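Protein chains: 2
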Amino acid sequence: MKKIYMIGIGLIGGSFAIDIKKHFPEVVIYGIDTNENHLNNAKELGVIDEKATLADLENADLVIVSIPVDVTVTLLPIILDKISENSLVIDAGSTKEAICKAVEHHPKRRNFLACHPIAGTEKSGPTAAISGLYVGKTNIICEVEKTTFKLQEKALNLFSTIGMRIRYMDPVSHDKHIAYVSHLSHISAFMLGKTVINKAKNERDIFDMAGSGFESTVRLAKSSPAMWTPIFKQNKENVIETLDAYINNLKRFKELMERDNFSEIFNEMENTNYIKQILNGIK
Amino acid sequence: MKKIYMIGIGLIGGSFAIDIKKHFPEVVIYGIDTNENHLNNAKELGVIDEKATLADLENADLVIVSIPVDVTVTLLPIILDKISENSLVIDAGSTKEAICKAVEHHPKRRNFLACHPIAGTEKSGPTAAISGLYVGKTNIICEVEKTTFKLQEKALNLFSTIGMRIRYMDPVSHDKHIAYVSHLSHISAFMLGKTVINKAKNERDIFDMAGSGFESTVRLAKSSPAMWTPIFKQNKENVIETLDAYINNLKRFKELMERDNFSEIFNEMENTNYIKQILNGIK
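In order, the protein sequence lines correspond to chains A and B. Anchor point for the first sequence: position 57 equals 57 in the UniProt record's numbering, and the numbering is continuous, going up by one each time. Anchor point for the second sequence: position 170 equals 170 in the UniProt record's numbering, and the numbering is continuous, going up by one each time.
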């Protein structure tokens with residue numbers, strides 16, 4: 001692989017670019033982005049070597065698509081139209097069903113590998129891109145059997161070189177499960193942030209009392225609405241299911257408090273402490 | 001101050017002990033704890049110099065009480081009974097109204113300073129105690145005017161030496177505001193953890209997909225139920241108010257999704273991004 005085209009050079013694409021250049025110094029990274037500022041920043045920061053456009057994609061050995069998932073659905077078929085026969089296209093979207101569906105009958109379906117690298121921060125844009133973002137992180141690959149074997153190999157070599165571990169999953173299960181462990185966390189953080197901001201409008205100095213616990217719990221509320229709105233839209237039914245479950249658990253907790261059933265409140269928390277063992281396994 | 005008695009030598013008390021010894025090497029730290037293991041651990045770790053009992057409190061120059069808030073309410077009057085005329089007692093409880101009320105008519109009320117250091121981690125016990133926990137952190141002091149001026153001075157000197165900044169507040173406002181920025185964060189994390197654990201019972205490997213975002217949002221669900229149950233009990237009405245507001249915001253988000261109003265979903269998130277500026281101010 002000599003020529004890699006990054007479509008979207010924000011946090012996710014930019015961090016891929018940085019580590020690919022580190023491990024494969026012979027590669028030339030071309031950046032494509034509708035945001036001209038991001039493109040210029042990425043060039044100045046050395047995240048990309050050259051600016052490019054979709055018209056150049058025929059030269060690509062590899063195309064990495066890391067843009068909002070609604071744009072991916074529209075653009076992915078066009079990208080596949082433009083690439084050459086031996087080129088590989090990878091996406092990084094947080095939803096997989098709509099994206100896989102968008103290209104299921106495309107003549108170059110076998111040139112596409114559907115991926116979701118479980119990595120990121122609450123920041124966005126090329127200035128947020130960092131080296132090592134993917135080390136030890138999970139990359140979920142969907143419908144691996146639909147990709148040409150040789151191109152699978154290329155992708156796996158790349159992912160293992162930058163330190164990722166691989167899990168295979170079908171797109172429907174991916175979207176169902178990721179709603180719980182990722183999409184719901186974002187909504188819970190956004191609504192926590194909203195609740196406290198609303199309160200702070202009437203009660204001054206409230207944030208002066210906030211500590212590291214609040215900061216950790218609300219961190220994801222800094223995330224990009226442009227990225228997250230289409231994720232929630234594409235994964236609407238699963239996300240609503242998780243919200244229902246979450247709201248019901250909160251209501252039950254509130255009802256236990258109203259009924260002064262604090263021994264059961266204790267049990268609720270003690271049972272959930274089990275998350276310790278689980279989180280120790282994540283790292 | 002020569003002899004400091006720590007009642008409760010977990011994360012909060014232990015971290016106070018470590019930094020007090022660092023800055024005041026002449027001080028002898030005595031530990032009192034109902035948990036004999038904690039007491040022995042604290043001694044072995046050098047967090048305390050000597051083990052002690054409540055009967056020894058007459059020798060104390062300073063007593064720091066960092067135990068569950070329900071025990072503080074019961075024990076604080078007894079502690080004040082036992083100390084000498086010039087001794088200072090400080091608490092570290094996450095609620096302030098019930099604690100202040102418990103001693104409002106005590107003849108030694110002026111020997112007590114009601115404090116809430118906004119610091120901690122999700123860990124507990126003396127092995128979780130760390131140096132520097134309080135550096136740059138806020139200590140909320142309630143009803144400062146009810147403490148003898150000389151003892152206020154002693155306390156402020158101690159807090160400033162270990163790096164804390166001070167905010168003054170009445171206990172009612174403290175409990176109202178802290179419900180939003182601390183107590184609610186804990187419930188939101190506990191219920192997020194519960195929701196995902198419940199789901200994982202039926203869907204294996206779900207946690208294999210969890211990343212740093214989930215980890216951050218759910219971190220507080222590792223917290224101690226023995227510490228948090230009495231906090232929720234003492235601050236019941238304020239906590240229920242925050243839960244109502246939070247549940248309503250989550251419901252509204254869900255309804256916007258059900259009605260496919262994703263432009264408003266975008267706005268909800270964009271408005272809450274304002275939390276960035278606020279969090280930058282916390283550190």
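Ideal placement from N, C-alpha and C gives every residue a C-beta, glycine not left out. Since the structure is predicted, the reported quantities are computational estimates derived from the model, not experimental observations.
message: What are the residues in the region 179-190 of chain A lying within 8 Å of chain B by C-beta distance?
response: For the region 179-190 of chain A, which is checked against every Cβ of chain B, the residues closer than 8 Å are 180, 181, 182, 184, 185, 186, 187, 188, 189 and 190.
task: Under 7 Å between beta-carbons, which chain A residues line up against residue 236(B)? List them in chain order, please.
output: On the second sequence, residue 236(B) is found 236 positions in, with the first residue counted as 1. What residue 236(B) touches in chain A: 257.
- request: Report yes if the CB atom of residue 32(B) is closer than 9 Å to the CB atom of residue 39(B), and no otherwise.
  value: Here the question's residue 32(B) lines up with position 32 in the second sequence. Here the question's residue 39(B) lines up with position 39 in the second sequence. Against a cut-off of 9 Å, the Cβ pair of residue 39(B) and residue 32(B) comes out as a contact.
query: For the beta strand (DSSP E) that contains residue 222(A), what are its first and last residues?
result: On the first sequence, position 222 is the one that residue 222(A) refers to. From DSSP, residue 222(A) is part of no beta strand (DSSP E); its letter is neither H nor E.
field: For residue 172(A) and residue 92(B), the rounded distance between their alpha carbons
entry: As a first step, residue 92(B) must be located in the second sequence, where it is residue number 92. As a first step, residue 172(A) must be located in the first sequence, where it is residue number 172. It is roughly 49 Å from the alpha-carbon of residue 92(B) to the alpha-carbon of residue 172(A).
message: At 4 residues or longer, what runs of the alpha helix (DSSP H) sit wholly inside the region 127-215 of chain B?
response: Entirely contained in the region 127-215 of chain B, the alpha helix (DSSP H) runs reaching 4 residues are, in chain order, 149-161, 171-178 and 184-202.
task: Just the chain A side, please: which residues come within less than 7 Å of residue 177(B) by C-beta, in chain order?
output: For the purposes of this step, residue 177(B) is taken as the residue at position 177 of the second sequence. Contact note: residue 177(B) reaches chain A through 203, 206 and 209, using a C-beta cutoff of 7 Å and chain order.
- prompt: If you drop the 5 nearest sequence neighbours on each side, which residues of the same chain put their C-beta closer than 7 Å to that of residue 119(B)?
  reply: By one-based count along the second sequence, residue 119(B) stands at place 119. Take residue 119(B), set aside five residues on each side of it, and the residues of its chain with a beta-carbon closer than 7 Å to its own are 133, 134 and 137, in chain order.
- request: Determine the extent of the alpha helix (DSSP H) in which residue 22(B) is found, giving its start and end residues.
  value: Residue 22(B) sits at position 22 when you count from the first residue of the second sequence. Taken as a continuous stretch (DSSP letters only), the alpha helix (DSSP H) holding residue 22(B) covers 11-23.
- prompt: In the DSSP assignment, what residue or residues form a beta bridge with residue 117(B)?
  reply: By 1-based counting over the second sequence, the position of residue 117(B) is 117. In the DSSP output, where bridge partners are listed per residue, residue 117(B) has 139(B).
- request: Identify every residue that forms a DSSP beta bridge with residue 331(A).
  value: Look at the range of chain A in this structure, 1 to 283, and you will see that residue 331(A) is not part of it.
query: Which residue from 248(B), 187(B) and 202(B) puts its Cα closest to that of residue 222(B)?
result: Translated into the one-based positions of the second sequence, residue 222(B) becomes position 222. Out of 248(B), 187(B) and 202(B), the CA that lies nearest to the CA of residue 222(B) is found in 187(B).
field: Neighbouring residues, chain B, relative to residue 249(A) (Cβ below 7 Å)
entry: Stepping through the first sequence from its first residue, residue 249(A) is reached at position 249. 191, 194 and 195, listed in chain order.
field: Closer than 8 Å at the beta carbon, the chain B residues around residue 94(A)
entry: As a first step, residue 94(A) must be located in the first sequence, where it is residue number 94. Within chain B, no residue comes near residue 94(A); the closest Cβ sits about 10 Å away, beyond 8 Å.
- request: Using only alpha-carbon positions, find the residue among 64(B), 27(B), 79(B) and 85(B) that is nearest to residue 11(B).
  value: Position 11 of the second sequence, counting from 1, holds the residue named residue 11(B). Among 64(B), 27(B), 79(B) and 85(B), the Cα nearest to that of residue 11(B) is on 64(B).
field: Residues bridged to residue 266(B) (per DSSP)
entry: As a position in the second sequence, residue 266(B) is number 266, starting the count at 1. Residue 266(B) pairs with nothing; no bridge assigned.
field: residue 210(A) to residue 129(A) span [Cα, whole Å]
entry: Position 210 of the first sequence, counted from the first residue, corresponds to residue 210(A). Position 129 of the first sequence, counted from the first residue, corresponds to residue 129(A). Roughly 28 Å between the two C-alpha positions.
query: What whole-angstrom Cβ distance do residue 231(A) and residue 84(A) have, given they're in contact under 8 Å?
result: Your numbering for residue 231(A) matches position 231 in the first sequence. Your numbering for residue 84(A) matches position 84 in the first sequence. Not really, about 31 Å apart at Cβ, beyond 8 Å.
task: Kindly indicate which residue of 72(B), 122(B) and 262(B) has the alpha-carbon position closest to the one of residue 112(B).
output: Walking along the second sequence from the start, residue 112(B) turns up at place 112. Checking every option, the nearest Cα to that of residue 112(B) belongs to 72(B).
- prompt: Which residues of chain B have a Cβ atom closer than 8 Å to the Cβ of residue 246(A), listed in chain order?
  reply: The residue labelled residue 246(A) in the question sits at position 246 within the first sequence. Residue 246(A) reaches chain B at 191, 192, 195 and 250, counting residues in chain order whose Cβ is nearer than 8 Å.
- prompt: For residue 233(A), which residues from the same chain have a beta carbon less than 8 Å from its beta carbon, with the 5 sequence-adjacent residues on both sides left out?
  reply: Taking the first residue of the first sequence as position 1, residue 233(A) is located at position 233. A distance below 8 Å between beta-carbons, with the five flanking residues on each side excluded, links residue 233(A) to the following residues of its chain, in chain order: 70.
field: Start-to-end residues for the alpha helix (DSSP H) that takes in residue 243(A)
entry: By one-based count along the first sequence, residue 243(A) stands at place 243. Where residue 243(A) is concerned, the enclosing alpha helix (DSSP H) stretches over 236-258.
task: Decide if the region 267-277 of chain A is in contact with the region 187-197 of chain B; the criterion is three or more beta carbon pairs, one per stretch, under 8 Å apart.
output: Taking one beta carbon from each stretch, the region 267-277 of chain A and the region 187-197 of chain B have 3 or more pairs nearer than 8 Å; the two touch.
query: Taking residue 88(A) as the reference, which of 174(A), 15(A), 158(A) and 182(A) has the closest Cα?
result: For the purposes of this step, residue 88(A) is identified with residue 88 of the first sequence, where counting begins at 1. Nearest of 174(A), 15(A), 158(A) and 182(A) to residue 88(A), Cα basis: 158(A).
query: Within the 9 Å Cβ cut-off, does residue 150(B) reach chain A?
result: To locate residue 150(B), count along the second sequence from 1; it is residue 150. Contacts with chain A at 9 Å (Cβ-Cβ) do not include residue 150(B).
field: Neighbour list for residue 218(B) in chain A, Cβ cutoff strictly below 8 Å
entry: Within the second sequence, numbered from 1, the residue matching residue 218(B) stands at position 218. The answer, in chain order, is 185, 275 and 279.
task: Helix, strand or coil for residue 45(A), going by three-state DSSP, please let me know.
output: Counting from 1 along the first sequence, the entry for residue 45(A) is found at position 45. Residue 45(A) falls in the coil class under three-state DSSP.
Exposure label - residue 42(B); buried when at least 16 CB within 10 Å: The residue labelled residue 42(B) in the question sits at position 42 within the second sequence. Around the beta carbon of residue 42(B), 16 or more other beta carbons sit within 10 angstroms, so the residue counts as buried.
message: Given this structure, state the Cα-to-Cα distance separating residue 251(B) from residue 267(B), to the nearest angstrom.
response: Position 251 of the second sequence, counted from the start, is the residue given in the question as residue 251(B). Position 267 of the second sequence, counted from the start, is the residue given in the question as residue 267(B). Using only the alpha carbons, I get a separation of about 16 Å.
- prompt: Looking at the C-beta of residue 167(B), does it have a partner C-beta in chain A at a distance below 9 Å?
  reply: Here residue 167(B) corresponds to residue number 167 of the second sequence, with the count starting at 1. Closer than 9 Å to some Cβ of chain A, the Cβ of residue 167(B) qualifies, so yes.
message: Along the chain, where does the beta strand (DSSP E) containing residue 91(B) start, and where does it finish?
response: The count along the second sequence starts at 1 and reaches residue 91(B) at position 91. Here the beta strand (DSSP E) through residue 91(B) covers 88-91.
message: Check whether chain B comes within 9 Å of residue 119(A), counting only Cβ atoms and requiring the distance to be less than that.
response: For the purposes of this step, residue 119(A) is identified with residue 119 of the first sequence, where counting begins at 1. Among the residues facing chain B, residue 119(A) is included, as its CB has a counterpart in that chain under 9 Å away.
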